[in-house]
Amino acid sequence: MLLKLSFSSLYARLVTVGMTILAISVSLMLYMSVEKLRTSAYTSFTDTISQTDLIVGARASSVQLLLYSVFRIGNATNNITWESYLDLVSKEEVDWTVPISLGDSHKGFRVMGTNKEFFSRYKYRGSQSVSIDKGYLFEDLYDVVLGAGVAEKLGYKIGTSLVVSHGLQSFSDHDDQPFRVSGILKKTGTPVDNTVIVSLAAIEAIHVDWSTGAKIPGQLTPIDEIREMDLTPKNITAALVGVKSKLTIFQLQRWINEYPEEAMTAILPGAALQELWRVVGVIENLLLGISVVVIFTTLVGMAAIMFSSLSERRREMAIWRAMGASPFTVIGLLMLEAIFISILSITFSVVLLFCVLNLLQPWIDYNYGILVNIEMLAIKDMYVFAVFIIASITVSLLPAIRAYWFSINDGMTIKL
Amino acid sequence: MKKNIYYSLLISAMVSVSAAEETRQVDKHEHGVGELNIAIEGNAVDFEFFIPGADIVGFEYEAKTESDIALVNAALEKFEKFDNIFSLPESSNCNLVNSEIGINQDDDHDDHDEHDDHDEHDDHDEHDDHDDHDDHDEYDEEAHNEFVAHYSFNCGNIKEIDRISFPYFTTFPNSGELEVQFVSEIGSTSFEVEGDEPFIDLKGKI
Numbered sequence: 167m168l169l170k171l172s173f174s175s176l177y178a179r180l181v182t183v184g185m186t187i188l189a190i191s192v193s194l195m196l197y198m199s200v201e202k203l204r205t206s207a208y209t210s211f212t213d214t215i216s217q218t219d220l221i222v223g224a225r226a227s228s229v230q231l232l233l234y235s236v237f238r239i240g241n242a243t244n245n246i247t248w249e250s251y252l253d254l255v256s257k258e259e260v261d262w263t264v265p266i267s268l269g270d271s272h273k274g275f276r277v278m279g280t281n282k283e284f285f286s287r288y289k290y291r292g293s294q295s296v297s298i299d300k301g302y303l304f305e306d307l308y309d310v311v312l313g314a315g316v317a318e319k320l321g322y323k324i325g326t327s328l329v330v331s332h333g334l335q336s337f338s339d340h341d342d343q344p345f346r347v348s349g350i351l352k353k354t355g356t357p358v359d360n361t362v363i364v365s366l367a368a369i370e371a372i373h374v375d376w377s378t379g380a381k382i383p384g385q386l387t388p389i390d391e392i393r394e395m396d397l398t399p400k401n402i403t404a405a406l407v408g409v410k411s412k413l414t415i416f417q418l419q420r421w422i423n424e425y426p427e428e429a430m431t432a433i434l435p436g437a438a439l440q441e442l443w444r445v446v447g448v449i450e451n452l453l454l455g456i457s458v459v460v461i462f463t464t465l466v467g468m469a470a471i472m473f474s475s476l477s478e479r480r481r482e483m484a485i486w487r488a489m490g491a492s493p494f495t496v497i498g499l500l501m502l503e504a505i506f507i508s509i510l511s512i513t514f515s516v517v518l519l520f521c522v523l524n525l526l527q528p529w530i531d532y533n534y535g536i537l538v539n540i541e542m543l544a545i546k547d548m549y550v551f552a553v554f555i556i557a558s559i560t561v562s563l564l565p566a567i568r569a570y571w572f573s574i575n576d577g578m579t580i581k582l
Numbered sequence: 013m014k015k016n017i018y019y020s021l022l023i024s025a026m027v028s029v030s031a032a033e034e035t036r037q038v039d040k041h042e043h044g045v046g047e048l049n050i051a052i053e054g055n056a057v058d059f060e061f062f063i064p065g066a067d068i069v070g071f072e073y074e075a076k077t078e079s080d081i082a083l084v085n086a087a088l089e090k091f092e093k094f095d096n097i098f099s100l101p102e103s104s105n106c107n108l109v110n111s112e113i114g115i116n117q118d119d120d121h122d123d124h125d126e127h128d129d130h131d132e133h134d135d136h137d138e139h140d141d142h143d144d145h146d147d148h149d150e151y152d153e154e155a156h157n158e159f160v161a162h163y164s165f166n167c168g169n170i171k172e173i174d175r176i177s178f179p180y181f182t183t184f185p186n187s188g189e190l191e192v193q194f195v196s197e198i199g200s201t202s203f204e205v206e207g208d209e210p211f212i213d214l215k216g217k218i
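So the protein sequences, as listed, match chains A and B.
Here my numbering runs 166 ahead of the position in the first sequence, where the first position is 1.
Here my numbering runs 12 ahead of the position in the second sequence, where the first position is 1.
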């Protein structure tokens, strides 16, 4: 009876109540999407590199080195010489190393030079390795392997010919030495998807006529001649390192950081990531704080709407009283109303959240490489909902108490 | 702290004049920030502490006066007992296998007595004397002393290490924060530990 009454009363004020529900759902959705984004970003970052013990690059902050070497965000401060790399390789603690060379691009996608060992050593999401979907890894000097994202977005297939651009945002191409797509990788959900991978020798080859940093006019070494050249790289951007024993990691890290011939930095990927997260965490908390405040504001808004509707509902309440409702019933009705509104808002916000996530997921993945996992709600969300319902009941107490006084004072005659 | 940076810049600038072709680099050094590396593999756990002298004894110059030397020795003695520095859960059944305690990091981990032997201030003069800078000069010119402690454990039940606490902060009231790098077979992570929450949570990380 009470339920039905409360519901019909809400229905009679459809527009006001509807707007309140909309406002609350949007703010709840905001809170949940911030939370979803933050957990997705964290897992997608931590899942990007595993089983690599150290990343070595030129002297830089650990976060910077991690960002450019693994996430292809930002640029290297410097390269490291091949001699230093060989010194590192010869250290007895070292089990394996994978050199990588960055700096060129193709239509906005980063080009990475590395060796075949990259495909077996680079691991993500625990122990998953990169595997080939179509074609084969590079056999020829001018073979190129594409990340799944690159192939998809540019519509490239095995055998497509492509030209690498010099630098990241330049208009000068290495058009004298075109590449051929030899393989396309399976989708990994890591920055590898958006990378164009060639051999280290190829990086060296396309820069044969660029020894001054720009193309030397008039000079064009024939491809046959380049193929005959010694294409050992002179420098690399970074190296992924695996050690034989975890107990020697820090010893090797110290050796690299104090290497006298060249300023280098070695980082533990997980440790650097955690460091990055401590910085990002501040912004995260800020976003969460803002959405909590937004929810609070809408709750206050809900109370305000209930207050303002009280005066116009004094007649309604007088009728309830006339029908035999006690003043407590009036309180109950108003609280029930608040519960209704909050449950409806929660339901609507969840629907809204999944719509928004489904719409934005491809865009976020494309632009930021973060795969937002759209899954069912977590237990944590249920807690949030419970807290929200309790909060809305508490907030509705104020107008309810006021209504109680109105109904006691007014009785059945309204003294307006 | 700034002053110290300026001094070390000055020193490195002075050195650079005489050794222009040398690669020059100076180790970073930050008061109030100690470093700790923890590595876990199999049943073995290794701890490496690098703590600036200021955090332990309140000064970073070579201890020369009797009272300063006594302070340093007392600090080293505290390091000798690892329970003063950190504690592992009892259920993990960890036994100390090896420890090395020292002051001032050199390539060969000196122990207590060595630091009395060499006088760092002499090192600075040395640069004027000889031109053939060997690799060591870059490190030796640093006038900041640093406590180095290395502990190795063998544990009966390594998975039980879910938390490591640091009485270090109460043992040495001057201490600031500890920057912890941690690695196990699962992967690596890092922590910043301070006196108000003197522990790290390792659940699911070993």
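For every residue, glycine included, the Cβ atom is placed at its ideal position computed from N, Cα and C.
Quantities reported herein were computed from a predicted structural model and do not represent experimental measurements.
Examine chain A for any beta-carbon lying closer than 8 Å to the beta-carbon of residue i, and answer yes or no.
{"i": "glycine 199 (chain B)", "result": "yes"}
{"i": "isoleucine 52 (chain B)", "result": "yes"}
{"i": "valine 195 (chain B)", "result": "yes"}
{"i": "aspartate 213 (chain B)", "result": "no"}
{"i": "alanine 161 (chain B)", "result": "no"}
{"i": "glutamate 78 (chain B)", "result": "no"}
{"i": "glutamate 209 (chain B)", "result": "no"}
{"i": "aspartate 58 (chain B)", "result": "yes"}
{"i": "asparagine 49 (chain B)", "result": "yes"}
Which stretch, first to last residue, makes up the beta strand (DSSP E) that contains residue i?
{"i": "serine 256 (chain A)", "result": "Here serine 256 (chain A) belongs to no beta strand (DSSP E), and DSSP marks it neither H nor E."}
{"i": "glutamate 60 (chain B)", "result": "56-64"}
{"i": "aspartate 396 (chain A)", "result": "Counting along the chain, aspartate 396 (chain A) falls outside any beta strand (DSSP E), and DSSP gives it neither H nor E."}
{"i": "aspartate 309 (chain A)", "result": "309-312"}
{"i": "asparagine 49 (chain B)", "result": "45-53"}
{"i": "glutamate 189 (chain B)", "result": "189-196"}
Just mark residue i as buried or exposed, buried being the case when its beta carbon has 16 or more other beta carbons within 10 Å.
{"i": "serine 286 (chain A)", "result": "exposed"}
{"i": "proline 265 (chain A)", "result": "buried"}
{"i": "glutamine 385 (chain A)", "result": "exposed"}
{"i": "methionine 472 (chain A)", "result": "buried"}
{"i": "proline 388 (chain A)", "result": "exposed"}
{"i": "serine 256 (chain A)", "result": "exposed"}
{"i": "glutamate 305 (chain A)", "result": "exposed"}
{"i": "phenylalanine 572 (chain A)", "result": "buried"}
{"i": "glycine 315 (chain A)", "result": "buried"}
{"i": "tyrosine 549 (chain A)", "result": "exposed"}
{"i": "isoleucine 485 (chain A)", "result": "exposed"}
{"i": "cysteine 521 (chain A)", "result": "exposed"}
{"i": "glutamate 150 (chain B)", "result": "Confidence at glutamate 150 (chain B) is low in this model, with a pLDDT of 41, below 50, so the placement of that residue should be treated as unreliable; the coordinate-derived value is given next. The residue in question, glutamate 150 (chain B), is buried, as its Cβ has 16 or more Cβ neighbours within 10 Å."}
{"i": "lysine 412 (chain A)", "result": "buried"}
Starting from the beta carbon of residue i, find every residue of chain B whose beta carbon is closer than 7 Å, and list them in chain order.
{"i": "serine 250 (chain A)", "result": "Within 7 Å Cβ-Cβ: nothing; serine 250 (chain A) doesn't reach chain B, min ~11 Å."}
{"i": "isoleucine 497 (chain A)", "result": "Residues of chain B passing the Cβ test: none, with the nearest at roughly 45 Å."}
{"i": "leucine 434 (chain A)", "result": "Gln193, Val195, Ser200"}
{"i": "glutamine 440 (chain A)", "result": "Thr201, Ser202"}
Which chain A residues sit within Cβ distance under 7 Å of residue i?
{"i": "asparagine 157 (chain B)", "result": "Within 7 Å Cβ-Cβ: nothing; asparagine 157 (chain B) doesn't reach chain A, min ~18 Å."}
Just to confirm my understanding: we take residue i, look at its own chain, exclude 5 residues before and 5 after, and list those with CB closer than 8 Å. What are they?
{"i": "asparagine 281 (chain A)", "result": "Val264, Pro265, Ser365, Leu366"}
{"i": "valine 466 (chain A)", "result": "Val561"}
{"i": "glutamate 427 (chain A)", "result": "Glu249, Ser250, Asp253"}
{"i": "tyrosine 197 (chain A)", "result": "Leu454, Ser457, Val458, Val460, Ile461, Val550"}
{"i": "lysine 170 (chain A)", "result": "none"}
Given the structure, does residue i come close to the ligand PLP, in the sense that its CB is under 7 Å from one of the ligand's heavy atoms?
{"i": "valine 181 (chain A)", "result": "Because no ligand of any kind appears in the structure shown, any question about the ligand PLP cannot be addressed here."}
Can you pull the chain A residues whose beta carbon is under 8 Å from the beta carbon of residue i, in chain order?
{"i": "glutamate 204 (chain B)", "result": "Arg444"}
Since residue i meets chain B, which of its residues come closer than 9 Å, beta carbon to beta carbon?
{"i": "glutamine 230 (chain A)", "result": "Chain B residues near glutamine 230 (chain A): none, gap ~15 Å exceeds 9 Å."}
{"i": "glutamate 258 (chain A)", "result": "Ordered by position in chain B, no residue passes the 9 Å Cβ test against glutamate 258 (chain A), which lies about 16 Å from the chain."}
Can you find a C-beta in chain B that's less than 8 Å from the C-beta of residue i?
{"i": "alanine 317 (chain A)", "result": "no"}
{"i": "isoleucine 415 (chain A)", "result": "yes"}
{"i": "glycine 349 (chain A)", "result": "no"}
{"i": "lysine 410 (chain A)", "result": "no"}
{"i": "glycine 223 (chain A)", "result": "no"}
{"i": "glutamate 450 (chain A)", "result": "no"}
{"i": "serine 216 (chain A)", "result": "yes"}
Less than 6 Å between C-beta atoms, sequence neighbours within five positions excluded: which residues of the same chain meet that for residue i?
{"i": "isoleucine 512 (chain A)", "result": "Phe551"}
{"i": "leucine 442 (chain A)", "result": "Val229"}
{"i": "aspartate 144 (chain B)", "result": "Caution applies to aspartate 144 (chain B), whose pLDDT of 43 falls short of 50 and renders its modelled position unreliable; the value that the coordinates give is listed next. Within the same chain, aspartate 144 (chain B) has no close Cβ partners at all."}
{"i": "asparagine 186 (chain B)", "result": "Asp67, Gly70"}
{"i": "serine 175 (chain A)", "result": "none"}
Following the continuous alpha helix (DSSP H) through residue i, name the residue where it begins and the one where it ends.
{"i": "valine 230 (chain A)", "result": "First, the amino acid is wrong: residue 230 (chain A) is glutamine here, not valine. That run of the alpha helix (DSSP H) goes 228-236."}
Below 7 Å CB to CB, which residues in the same chain sit around residue i once its five sequence neighbours on both sides are set aside?
{"i": "isoleucine 536 (chain A)", "result": "Ser206, Ala207, Ser210, Ile530"}
{"i": "asparagine 245 (chain A)", "result": "Ala224, Asn401, Ile402, Thr403"}
Going along chain B, which residues have a C-beta under 8 Å from residue i?
{"i": "alanine 437 (chain A)", "result": "Gln193, Phe194, Val195, Ser200, Thr201, Ser202"}
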